[in-house]
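Heads up, the thing below is written out as structure tokens.
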Amino acid sequence: KTPLSLYMGLLNEGHEYHAHAGVYIAFDVWVHTIFHILRWISQGNGELLWTTNAGISGLITVFVTPLITFPMMYWKKKISYEVRKGLHYFFFFFAVAMC
Numbered sequence: 000k001t002p003l004s005l006y007m008g009l010l011n012e013g014h015e016y017h018a019h020a021g022v023y024i025a026f027d028v029w030v031h032t033i034f035h036i037l038r039w040i041s042q043g044n045g046e047l048l049w050t051t052n053a054g055i056s057g058l059i060t061v062f063v064t065p066l067i068t069f070p071m072m073y074w075k076k077k078i079s080y081e082v083r084k085g086l087h088y089f090f091f092f093f094a095v096a097m098c
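Per the numbering used here, the very first residue in the sequence shown carries number 0; after that it's consecutive.
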């Protein structure tokens, strides 16, 4: 810790905020995806999932999100820190897909 962090509590809570945001995003990605798939299927447009930019970027996002979040949420003790940190680099693909 730095002397500055002693006076600015937010600096000490950065990782906790990051962890909560990751859990929220992991949950939100799946809920969002499920409702898009249900809507597209009910409208007879299921092929939009793999034939449109929105569908493909959604597939990329729903594929990489568990690689980023699940090791931290569920397998923290079973997977080494280095592997978990390495999987976090999949965030690049997540971010590009979200654009």
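For each residue, glycine too, the CB sits at the ideal point set by N, CA and C.
Using a Cβ-Cβ distance cut-off of 8 Å, the segment 43 to 57 and the segment 14 to 22 are not in contact, since fewer than three pairs of beta carbons, one from each stretch, lie closer than that value. About 15 Å separates the Cβ atoms of residue 36 and residue 64, ruling out a contact at the 8 Å cut-off.
Straight across, the Cα-Cα distance linking residue 55 with residue 48 is about 6 Å.
Short of 7 Å from the beta carbon of residue 87, and not among the five residues preceding or following it, lie these beta carbons of its own chain, in chain order: 67. Taking 8 Å as the cut-off, the Cβ atoms of residue 97 and residue 21 do not count as close.
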